[in-house]
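A quick write-up on the structure given underneath.
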Amino acid sequence: MANLEMLEAFCQADGVSGYEKEATRVMKSYLEGYCDEIQYDYLGSLVAHKKGVGPKVLLTGHIDEIGFCVKEITEDGYLRVHPLGGWNTRNMMAEPVTITTREGKKLPGIIGTDPKPGWPRDKAIPMEDVYVDLGVASKQEALDLGIHIGDPITPKAEFMVMNNPKYVNAKAWDDRVGAAIVTDVMRNMAGKTLACDLYCAGTVQEEVGCRGAKTVGQMVMPDLSIAIDVGGDSDTPNAPKGKAVLGSGAAICVRDNSFIAHYGLLWHMEKICEEHQIPYTTYVLGYGGTDSGEMSKVGAGSINLTISIPSRHIHSHNSMIHLNDYDAIVALLSEFVKTFDQSVFEKLKECK
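According to my numbering, the sequence shown is numbered sequentially starting from 248.
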């Protein structure tokens, strides 16, 4: 069952792309004692390792979240910002943020903009017109707070169990939920002898180009890799209808714009779900990309796919998941890891 205390700790940590240390240390705190070693690559990705004899398996959830960094401090004390990750400016107006200084001080701010005269009300504001209001009157006041160019700016939102307690709202589900899932899978392997060599990673800088997945892939050189990430859901009023909705279970992705799933692994995952009554859907994504795009290309290639958790309102301050989907993915991956060995690996290789 999902641990709400752990999920809140993961989501409430500040960790925009390139500034993930606070979030990786939360992940580390929940992995210590459940694996043989924890390492970091030089970009900052966390890699936990449970030693086993057999093929190398790498499970990843990216630990970074979308946000901003300080680009300019105006004479009036406002912050011009540069986006880290994909934003729609319609989703951010008047939302609160946290600026983290080099000294670790947390400062409040509010996102604002002043649309140019005559700007169409139905058109998104250009990112260059977005600023952060610190509630100060001058550049010197901002500097006195300890703000520097490059300081990270993180969305601020409440971790909130909704009216149906299976639905949970938070910032940064994209993709702290994936990082939490791989953490729970590693914790589930405590005391078990595995016939595979298991690595679980919180990768950095996915939102700006899947950079952590590339370095972690080179570090581990996995035989098989699985990325866990959020996916769009199909049950909001204006969404195209599909199978992947909140509460429908693990969403096994056939392809996105960065990878095509290894069909032998996809079929194997579907079989595990059916044999163990784990709810799932299989879907095709016509856009986007995940860590799989980099991990599938490591070395001579890694047997690979992505498993998504349906999520509402992603790439905004607030997003929502369903805890049954979380539990389904943890159950699927735990069963997969427990039963994966050289013979299964050889069968998967024969598919190609």
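Every residue gets a Cβ at the ideal spot worked out from N, C-alpha and C, and that includes glycine. Since we're looking at a predicted model, the values are computed, not measured.
Enclosing alpha helix (DSSP H) for residue i [first to last residue]
i    : result
M567 : Unbroken run through M567 is the beta strand (DSSP E), S566 to H569; no alpha helix (DSSP H).
F257 : L251 to Q259
H515 : Y510 to E522
N435 : W420 to N435
Y277 : K268 to L278
F592 : Q589 to E597
G314 : Not the alpha helix (DSSP H): G314 falls in the beta strand (DSSP E), residues G314 to I320.
V390 : The sequence shown places Leu at residue 390, rather than the Val named in the question. Residues K386 to D391.
Q465 : R458 to V467
G265 : Neither: G265 is in no alpha helix (DSSP H) and is coded neither H nor E.
E541 : S539 to M542
Inter-residue Cα distance where the pair is residue i and residue j
i    : j    : result
A437 : L251 : 20 Å
Y530 : G540 : 17 Å
E597 : Y446 : 24 Å
V577 : F257 : 16 Å
R423 : S555 : 12 Å
T401 : H395 : 15 Å
V584 : S481 : 29 Å
Q387 : R272 : 33 Å
W366 : N435 : 54 Å
L595 : K518 : 13 Å
R368 : A547 : 51 Å
Cβ-Cβ distance between residue i and residue j below 7 Å
i    : j    : result
A498 : G478 : yes
I313 : A426 : no
I550 : H523 : no
G308 : V429 : yes
I372 : T321 : no
A474 : T553 : yes
A270 : G262 : yes
N504 : Y527 : no
L513 : V304 : no
S566 : W334 : no
P557 : D572 : yes
A575 : I525 : yes
G280 : D444 : no
Residue from the options with nearest C-alpha to residue i
i    : options                   : result
L570 : Y414, V383 and L306       : Y414
S292 : V467, T483, G511 and F592 : V467
P484 : A419, E322, M433 and H560 : H560
Q259 : N504, L512, E375 and A404 : A404
E255 : K363, Y277 and V328       : Y277
N338 : S563, K303, V377 and C447 : S563
H329 : R272, V455 and P355       : V455
G511 : W334, T586, V591 and A448 : V591
R327 : D480, G496 and Y378       : Y378
I358 : M340, D369, E375 and K352 : M340
G496 : C520, H515, F506 and N411 : C520
V501 : E593, G536, K594 and G494 : G536
D476 : K490, I568, D444 and P367 : I568
K363 : M374, P355, G356 and L354 : M374
G494 : N411, K418 and T440       : N411
Y287 : Q387, G449 and R458       : G449
E243 : T440, K418, K594 and M253 : Here the chain covers residues 248 to 599 and nothing more, so residue 243 does not appear.
E267 : N435, L354, L595 and R458 : R458
Spatial neighbours of residue i in its chain, beta-carbon cut-off 6 Å, leaving aside the 5 residues before and after
i    : result
D588 : G301 and A442
V383 : G324 and A389
M407 : N416
D376 : T360
E319 : R327
S543 : F506, S549 and N551
M516 : I499
S385 : G324
Chain-order list of residues whose beta-carbon lies under 8 Å from that of residue i (same chain, five-residue window excluded)
i    : result
D398 : C316, V317, I346, T347, T348 and R349
K352 : L392 and G393
V432 : L306, C447, V577, L580, S581 and V584
K599 : H509 and G511
Y289 : T462
M409 : V415, N416 and M567
Any non-hydrogen atom of the ligand NAD closer than 6 Å to residue i Cβ
i    : result
E279 : The ligand NAD is absent from the structure shown, which contains no ligands of any kind.
Residue range of the beta strand (DSSP E) that includes residue i
i    : result
A498 : A497 to C500
R327 : L326 to L331
S558 : I550 to S558
G438 : Note, G438: premise wrong, no beta strand (DSSP E); not H, not E.
T401 : P399 to P402
Same chain, Cβ closer than 7 Å to residue i, neighbours up to 5 away in sequence not counted
i    : result
L331 : V263, S264, G265, I313, G314, F315, C316, E454 and V455
V545 : G464, Q465, M468 and P469
K275 : I285 and L293
C188 : This structure cannot settle anything about residue 188, because the visible part of the chain is limited to 248 through 599.
D380 : Y325, G356, I357 and G359
G489 : S481 and Y530
M253 : Y277 and A427
K439 : K585
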